[in-house]
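Student: The letter at position 13 of the sequence shown is residue 12 when you use numbering that gives the first Met the number 0, and the numbering goes up by one with no holes. All residues carry an ideal CB built from backbone N, CA and C; glycine is no exception. Small disclaimer: the values here were computed from a predicted structure and weren't measured.
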Amino acid sequence: MTKMRRYDPFGFLPSWHFFAPNPARFDTVILYRDVSVASPPGQWLPVTAIYDEEWWFSIVNPSRRYHKSCHDLQNSIGNMITGNEKSKIAQSSPVKALQSVVMSNVKIAPGAMVQFCIVRILDGRRDNPKAEPVFISEPFAMH
């Protein structure tokens, strides 16, 4: 497979790395909710565009780099949590980038306030997971 990659300049061939040096032991999910001063915050909902999966993604996955970028941003924020104050994290580049991801993938009225949360799923189940919040953003305005 490695030799074939030189003939795949656009990265269409999938890459499987089963034995990573630090294998993932949990999944993370980005949730969002609308926040209003006049009413209680809305229900947490997944940013579904990031987690859409099709059967053919195992063969060709055109959005894998986007998904990987979102995952890396979540990991960067998770790594910043230990030892940093929340105000530093809130102004960091990974948080600003995830705000952009949320703004481009959710449908909320312009000018509405939104909040996102990174949740770590500990047992690998998406239907009824054992989860813990890793980071909750400050509310921000949709543009």
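Say whether the region 25-44 touches the region 110-120, bearing in mind that this needs 3 or more beta-carbon pairs closer than 8 Å, one atom from each stretch.
Tutor: The answer is yes - the region 110-120 touches the region 25-44, with three or more Cβ pairs under 8 Å.
Student: By a C-beta neighbour count over all protein chains shown, 10 Å radius and 16 as the cutoff for buried, is residue 199 buried or exposed?
Tutor: No information on residue 199 is available, as it lies outside the stretch 0 to 142 that the chain covers here.
Student: Does DSSP put residue 134 in a helix, a strand or coil?
Tutor: Start at 1 with the first residue of the sequence shown, and residue 134 comes out as number 135. It is a strand residue.
Student: Would you say residue 199 and residue 113 are within 8 Å of each other, going by their C-beta atoms?
Tutor: Residue numbering for the chain in the displayed model covers 0 to 142; residue 199 lies beyond these limits and cannot be assessed.
Student: To which residues of the same chain is residue 89 closer than 8 Å at the C-beta, ignoring the five residues directly before and after it?
Tutor: Within the sequence shown, residue 89 is the residue found at index 90, counting from 1. The answer, listed in chain order, is 136, 137.
Student: Between 31, 53, 61, 43, which has its C-alpha nearest residue 8's C-alpha?
Tutor: Here residue 8 corresponds to residue number 9 of the sequence shown, with the count starting at 1. Taking only the C-alpha atoms, the option nearest residue 8 is 61.
Student: Please name the residue, chosen from 55, 57, 42, 134, that lies closest to residue 97 on a Cα-to-Cα basis.
Tutor: In the sequence shown, counting from the first residue as 1, residue 97 sits at position 98. Answer by Cα proximity: 134.
Student: Quick one: grab the DSSP three-state call for residue 79.
Tutor: Numbered from its first residue, the sequence shown carries residue 79 at position 80. Note: residue 79 maps to helix in three-state DSSP.
Student: With a CB to CB cut of under 8 Å and the five nearest residues on each side skipped, what residues in its chain are close to residue 107?
Tutor: To locate residue 107, count along the sequence shown from 1; it is residue 108. Contacts found: 33, 113, 141.
Student: I believe residue 31 touches residue 94 by the beta-carbon criterion, under 8 Å. Please report the beta-carbon distance rounded to the nearest angstrom.
Tutor: Along the sequence shown, one-based indexing puts residue 31 at 32. Along the sequence shown, one-based indexing puts residue 94 at 95. The Cβ separation is near 13 Å, so there is no contact.
Student: Could you round the C-beta distance between residue 91 and residue 79 to whole angstroms and report it? I think they count as a contact, below 8 Å.
Tutor: By one-based count along the sequence shown, residue 91 stands at place 92. By one-based count along the sequence shown, residue 79 stands at place 80. Indeed they touch by this definition, with Cβ atoms about 6 Å apart.
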